[in-house]
Amino acid sequence: SLKKQTYVIQLHPNSQSAKAFPSKLDWHLSFLQEAVLGIEEENEDPSSRILYSYDSAIEGFSAQLTESEAKTLKNLPEVVAVRPDHVLQVQTTYSYKGHRVANSPLDSPNMPREYISARDSTGHGTHTASTAGGSSVSMASVLGNGAGVASGMAPGAHVAVYKVCWFNGCYSSDILAAIDVAIQDKVDVLSLSLGGFPIPLYDDTIAIGTFRATEHGISVVCAGGNNGPLASSVANTAPWVSTIGAGTLDRKFPGVVRLANGKLLYGESLYPGKGIKKAERELEIVYVAGGDKGSEFCLRGSLPRESVQGKMVICDRGVNGRSEKGQAVKEAGGVAMILANTEINQEEDSVDVHLIPATLIGYEESVVLKGYVRDTVRAKARLIFGGTVIGRSRGPDVAQFSARGPSLANPSVLKPDLIAPGVNIIAAWPQNLGPTGLPYDSRRVNFTVMSGTSMSCPHVSGITALIRSAYPSWSPAAIRSAMMTTADLYDRRGKEIRDGDKPAGVFAIGAGHVNPVKAINPGLVYNIQPVDYISYLCTIGFTRSDILAITHRNVSCGVVLRNSPGFSLNYPSISVIFRRGRTKEMVTRRVTNVGSPNSVYTVNVKAPIGINVIVKPKRLVFSHVDQTLSYRVWFVLKKGSRGEKVADSFADGQLTWVNSRNVMQRVRSPISVTLKNYH
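Residues in the sequence shown are numbered from 1 upward in steps of one, following the UniProt record's numbering.
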């Protein structure tokens with residue numbers, strides 16, 4: 001067929017033929033001239049097909065091709081790979097599966113404008129950029145709620161913004177172009193609040209482009225994704241990027257439902273209704289379920305006016321955006337809304353600045369509410385808005401939506417690396433949008449609330465910038481190590497950080513919740529050079545062509561593995577996989593002293609259940625700064641009385657080096673043990 005689509009064409013680096021051309025663009029055009037020749041009508045200029053001619057992020061270009069042209073290109077000797085453009089999404093929980101505009105025609109007058117520049121028309125870029133590097137603003141609030149001083153993590157940082165996300169998503173050809181110019185602009189940190197489903201590294205354009213960025217000494221921080229609590233949902237898991245999950249804060253915005261029978265159901269809302277009689281009056285409640293229009297979800301046009309006029313409407317979460325449901329209720333004549341979590345959302349509480357008086361209640365509360373409505377003639381309730389409450393609830397906890405490990409693409413590295421604040425985050429907002437981001441929201445604010453790993457990612461990017469400015473000579477790996485080894489496992493009250501109703505495991509929080517104060521003084525760091533990542537790819541069995549595609553390096557793994565027998569990637573977390581029949585595994589680590597010249601550290605191990613852990617040496621004695629010492633860790637499967645193994649398929653623990661002169665200085669590594677095919 002002659003239908004064209006965008007492809008990213010990756011070429012061999014250090015190619016001889018490239019030298020024959022005056023520029024990279026001319027070299028790239030020569031490939032198109034070969035592929036397009038004779039297939040297309042004569043009068044077409046092949047250069048009109050090129051979208052981007054890349055320079056730094058990847059060797060190659062992106063172009064519009066037919067399927068047969070793409071096949072022709074693939075077979076040319078200097079072509080490494082031809083990949084169709086891949087769509088990723090911003091990682092907010094704003095709307096269900098990311099497409100706010102799928103159900104409104106693009107030419108409707110109330111659609112926000114799309115600016116053909118880096119200017120933000122959806123709010124996502126403003127929110128994330130201000131979280132990373134926004135200046136301090138006093139008296140910030142969302143229509144009066146969450147009032148206080150707002151500041152980015154690194155308020156003194158310079159921010160460069162590259163726009164890669166449009167209404168229909170974020171295309172890999174655009175993302176590569178942004179990484180390409182960011183490398184040339186000599187940025188220090190790249191923050192990518194976008195992602196998708198996990199894909200193999202050799203097909204992952206983000207992994208390929210960010211490897212080149214890492215080689216240039218750029219720290220790369222990515223959102224882990226919002227497909228939790230599903231196991232193995234974590235994305236952006238290349239070992240050279242920091243992969244960030246989301247946690248909650250101890251800040252709440254109560255919006256309680258008071259039933260006419262006196263019962264109180266806890267909910268949360270950022271609707272500015274505190275003390276406003278009209279917003280808090282008692283109303284009849286209705287739940288319009290049944291039928292095939294999706295009325296239980298309050299889809300626009302699904303609610304019959306005669307059922308909801310003048311009433312408070314219960315809307316189930318799912319299918320359409322949370323704030324959009326309020327618009328549907330409003331259009332049908334309803335005057336208030338209770339957003340009800342379904343079983344899939346449990347007690348997850350992403351709040352919104354609703355268009356009508358509304359609150360979000362958890363799953364347990366929604367079961368009680370629906371029972372009351374079912375069993376009561378003319379059921380009634382009122383909403384009571386409590387404003388902003390800080391410090392009375394536990395936090396941080398793992399956000400329910402935060403994507404989980406183990407990583408599908410490379411299980412031998414524990415992902416996510418860290419969690420950071422990502423639920424109900426208040427940050428800057430553009431003046432062309434209302435606080436819900438919906439086209440028919442006419443209110444205007446300087447700040448609004450959003451949730452997602454899109455929000456936690458720039459927290460870590462900003463902290464990365466702070467550490468980098470304090471220690472300009474540190475590598476991206478050393479900076480990430482500083483954040484990981486000092487991360488918190490306990491909440492503000494000293495209790496273990498939880499994931500739903502249980503303590504959080506390593507596949508939910510990685511090394512823990514980022515702690516910027518501790519991260520600036522880690523004592524020891526685990527350093528990694530870009531060449532080590534290549535050795536790592538060899539040890540996990542990637543082929544020569546896979547490694548060429550990811551790293552632009554033509555390596556012989558045979559030679560690499562001979563030169564470094566028993567290689568371990570010097571990652572701050574330790575992930576051990578026992579394959580069937582193995583009972584003992586060994587890993588090596590190297591730590592570099594970045595604290596006091598004469599420091600002594602002793603090891604403290606919390607072994608995973610069913611595993612014996614042996615560390616040699618047990619003491620590390622440093623005599624000067626920047627000195628590197630190594631240690632080895634053996635993991636041995638315990639046997640039961642009948643010789644059977646006693647470990648589960650997954651077990652976790654930790655290994656901590658404690659500074660003998662300052663026991664508060666602890667360098668902690670999470671341990672993850674996986675038993676493959678043992679059952």
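Backbone N, C-alpha and C fix where the C-beta goes; we use that ideal spot for every residue, glycine too.
Chain-order list of residues whose beta-carbon lies under 6 Å from that of Ser672 (same chain, five-residue window excluded): Leu414, Val506, Ser575, Asp652
Using 8 Å as the threshold, is the region 187 to 194 in touch with the region 442 to 451, meaning 3 or more CB pairs across them? no
Take the Cβ of residue 725 as the centre, count every other Cβ of all protein chains shown within 10 Å, and call the residue buried at 16 or more, exposed below. Residue 725 lies beyond the stretch modelled for the chain, which goes from 1 to 679, so this question has no answer here.
Residues in the same chain with beta-carbon distance under 6 Å from Pro670, minus the five sequence neighbours each way, listed in chain order, please. Val506, Ala511, Ser573, Gln654
Is the CB-CB distance between Gly224 and Ala235 below 9 Å? yes
Classify Asp397 as buried or exposed, calling it buried when 16 or more other Cβ atoms lie within 10 Å of its own Cβ. buried
Could you tell me how far apart the beta carbons of Ser456 and Pro421 are, in whole angstroms, since I believe they sit closer than 8 Å? 6 Å
Pick helix, strand or coil for Ser56, following the three-state DSSP scheme. coil
Three or more C-beta pairs below 8 Å linking the region 355 to 363 and the region 267 to 284: yes
Buried or exposed, going by whether 16 or more other CB atoms sit within 10 Å of the CB of Pro105? Note that Pro105 scores 42 on pLDDT, short of 50, meaning its location in the model is unreliable and no value can be drawn from it.
N- and C-terminal bounds of the beta strand (DSSP E) containing Met312: 312 to 316
To the nearest angstrom, report how far apart Val591 and Val615 are at their CA atoms. 14 Å
Beta-carbon separation of Gln5 and Val82 under 9 Å? no
Whole angstroms are fine: how far does the CA of Pro155 sit from the CA of Ser596? 29 Å
Hey, how far is the Cα of Arg100 from the Cα of Leu561? For Arg100, the pLDDT reaches just 37, beneath the cut-off of 50, and the residue's location in the model is therefore unreliable, although a value from the coordinates is still provided. Cα-Cα distance, rounded: 49 Å.
Mapping DSSP to helix, strand and coil, what is Ile614? strand
Outcome for Trp27 when other beta-carbon atoms lying within 10 angstroms are tallied against a minimum of 16: buried
By a C-beta neighbour count over all protein chains shown, 10 Å radius and 16 as the cutoff for buried, is Ser17 buried or exposed? exposed
Check each candidate in Pro304, Ser564, Asp349, Val80 and name the one with the smallest Cα separation from Ala332. Pro304
Measuring only the C-alpha atoms, how far is Ser53 from Val286? 57 Å
Environment of Asp180 [buried if 16+ CB atoms lie within 10 Å]: buried
Could you work out which residue in Gly228, Pro198, Ala182 is closest to Thr210 when comparing CA atoms only? Ala182
Count the CB pairs spanning the region 660 to 668 and the region 624 to 642 that are closer than 8 Å, and state whether there are at least three. no
Where Arg49 sits in the DSSP three-state scheme: helix
Identify the continuous beta strand (DSSP E) that holds Trp657 and give its terminal residues. 650 to 659
Is Pro411 closer than 9 Å to Thr93 when the C-beta atoms are compared? no
Thinking Asn515 and Thr486 are a contact (beta carbons under 8 Å), I'd like their distance in whole angstroms, please. 6 Å
Write down the C-beta distance between Tyr271 and Phe385 rounded to the nearest angstrom, noting that I regard them as a contact closer than 8 Å. 7 Å
Residue nearest to Val587 in terms of C-alpha spacing, selected from Glu296, Asn570, Gly148, Phe622: Asn570
First and last residue of the beta strand (DSSP E) that includes residue 692? This structure does not reach residue 692, given that the chain is present from 1 up to 679, and the question cannot be answered.
Quick check: Thr122 and Gly437, are their CB atoms within less than 9 Å of each other? yes
With a Cβ-Cβ cutoff of 9 Å, do Val257 and Leu369 count as a contact? yes
Taking Glu114 as the reference, give the member of Lys163, Arg619, Gly395, Leu230 with the closest Cα. Lys163
Can you tell me the Cα-Cα spacing of Ile116 and Val87, whole angstroms? 19 Å
Excluding sequence positions up to five away, which residues of its chain have a Cβ less than 6 Å from the Cβ of Tyr202? Asp546, Ala549, Ile550
Hey, could you find the ends of the alpha helix (DSSP H) Met450 is sitting in? Here Met450 belongs to no alpha helix (DSSP H); instead the beta strand (DSSP E) covers 447 to 450.
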